[in-house]
Amino acid sequence: MSTEKTTLEIIAPTTEEAVERGLEQLGLTEDMVEIEVLDGGSRGLLGLGGRQSRVRLTVKSFETLIDEHEPVFTGDADSEEITLEPSSVHAIDLADLSEEDQQNVKSVRSVVIELLERMRVKAEVSARYIEPQDEKDQRVVLVDVEGKDLSILIGRRSETLNALQYITGLIVSKELGRWVPLLIDIQGYRSRRERQLRQLSRRMADQAVQTGRKQTLEPMPANERRIIHLELRDHPQVFTESVGEEPYRKVTIALRNP
32 MSTEKTTLEI IAPTTEEAVE RGLEQLGLTE DMVEIEVLDG GSRGLLGLGG RQSRVRLTVK
92 SFETLIDEHE PVFTGDADSE EITLEPSSVH AIDLADLSEE DQQNVKSVRS VVIELLERMR
152 VKAEVSARYI EPQDEKDQRV VLVDVEGKDL SILIGRRSET LNALQYITGL IVSKELGRWV
212 PLLIDIQGYR SRRERQLRQL SRRMADQAVQ TGRKQTLEPM PANERRIIHL ELRDHPQVFT
272 ESVGEEPYRK VTIALRNP
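The sequence shown begins at 32 in our numbering and counts up by one.
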């Protein structure tokens, strides 16, 4: 990944105006750049001999944005996370979307493309709305990213992927002035991971029944914990519960009537 940074110098009558012009040219918000005042300028005497302000704007690295905007989970947020169940994904025809929803899809795709370009990652990006998969769910913009060797976008325990998704949502919300629920999938990773988690949950439930002992899974992000909860919520013999604190929160599987 390239470590190059985009910089821009702007001259304007005031520092505030210089910063505003720079952000406008970059198409970014103030918290996404580092601002250095090279010359604060001066008004001069009686309006004569004044000096304009000069500022330098440096676009923060993707890693810095992740560190600064990484989401903090409070309580049990499992039920609020968006998950992807491949067998029930139904795309909504673009023609059936409102003008606002079409704008949402376009903005989400555009932001993901720009972030990948800044990371020097080549990939194909598509986006579409999909129908809610549960009565408690909402429509979500699903972004599919396809390409060669994109494991760098997933990271350990999908931390990079979750951060990319969060940063995308943050930028889109600032662009549009509203929060747009979205889900990013890299080369079908979330689909494969969900299948693995569903198989794991059933296997661990069987162990709980056979041994009579509570089973504790490895720490998982909230969206993955929710997959476990949903898979076993109707199980006649076991129930699930999230325990611990982030980022080490995990799911336990225990007998309903030990």
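We put the CB at the ideal spot given by N, CA and C, even for glycine.
Owing to the predicted nature of the structure, the values given are computational and were not obtained by experimental measurement.
{"Query": "Limits of the unbroken alpha helix (DSSP H) element including residue 130", "Result": "130-149"}
{"Query": "Rounded Cβ spacing between residue 212 and residue 172 (contact assumed at less than 8 Å)", "Result": "7 Å"}
{"Query": "Three-pair Cβ contact test at 8 Å for the stretch 220-232 versus the stretch 256-270", "Result": "yes"}
{"Query": "C-alpha gap between residue 288 and residue 245, whole angstroms", "Result": "12 Å"}
{"Query": "Member of 64, 84, 62, 63 whose CA lies at the smallest distance from the CA of residue 70", "Result": "84"}
{"Query": "Cβ pair residue 281, residue 250 closer than 7 Å", "Result": "yes"}
{"Query": "CA-to-CA distance, residue 148 to residue 82, given in whole angstroms", "Result": "37 Å"}
{"Query": "Distance CB(residue 143)-CB(residue 156) smaller than 7 Å", "Result": "yes"}
{"Query": "Residue environment, residue 241, which counts as buried when at least 16 other CB atoms sit within 10 Å", "Result": "exposed"}
{"Query": "N-terminal and C-terminal residue of the alpha helix (DSSP H) that residue 253 is part of", "Result": "253-263"}
{"Query": "Closest residue to residue 67 among 41, 237, 74, 55 (Cα-Cα distance)", "Result": "41"}
{"Query": "Straight-line Cα distance separating residue 193 from residue 74", "Result": "48 Å"}
{"Query": "Between the CA atoms of residue 263 and residue 109 - distance to the nearest angstrom", "Result": "Because the pLDDT of residue 109 is 43, which lies under 50, any placement of that residue in the model is unreliable, and the number read from its coordinates should be weighed accordingly. Each residue's alpha carbon lies about 14 Å from the other."}
{"Query": "Unbroken stretches of the beta strand (DSSP E), 3 residues or longer, contained in the stretch 37-64", "Result": "38-43"}
{"Query": "Residue span of the beta strand (DSSP E) that contains residue 213, given as start and end", "Result": "213-217"}
{"Query": "Nonlocal neighbours in the same chain, by C-beta distance under 7 Å from residue 91, ignoring five residues either side", "Result": "63, 64, 65"}
{"Query": "Residue interval of the alpha helix (DSSP H) (run including residue 201)", "Result": "190-207"}
{"Query": "Whether residue 215 touches residue 174 by CB criterion (7 Å)", "Result": "yes"}
{"Query": "Contact set for residue 196: own chain, Cβ-Cβ below 6 Å, skip 5 residues either direction", "Result": "215"}
{"Query": "Rounded straight-line distance, which links the Cα of residue 72 to that of residue 278", "Result": "47 Å"}
{"Query": "For residue 237, the residue or residues it bridges with in DSSP", "Result": "Paired residue(s): none; residue 237 is not in a bridge."}
{"Query": "Residues near residue 49 in its chain [Cβ-Cβ closer than 6 Å; skip 5 each side]", "Result": "41, 43, 84, 86"}
{"Query": "Residue 181 versus residue 227 - alpha carbon distance", "Result": "20 Å"}
{"Query": "Outcome for residue 111 when other beta-carbon atoms lying within 10 angstroms are tallied against a minimum of 16", "Result": "Reliability fails at residue 111, whose pLDDT of 43 lies under 50, so the model's placement of it is uncertain and no value is given."}
{"Query": "Residue 279 - DSSP class collapsed to helix/strand/coil", "Result": "coil"}
{"Query": "Residue 208 to residue 202 span [Cα, whole Å]", "Result": "10 Å"}
{"Query": "Where residue 268 falls: helix, strand or coil (DSSP)", "Result": "coil"}
{"Query": "Test item: CB-CB of residue 186 and residue 154 under 7 Å", "Result": "no"}
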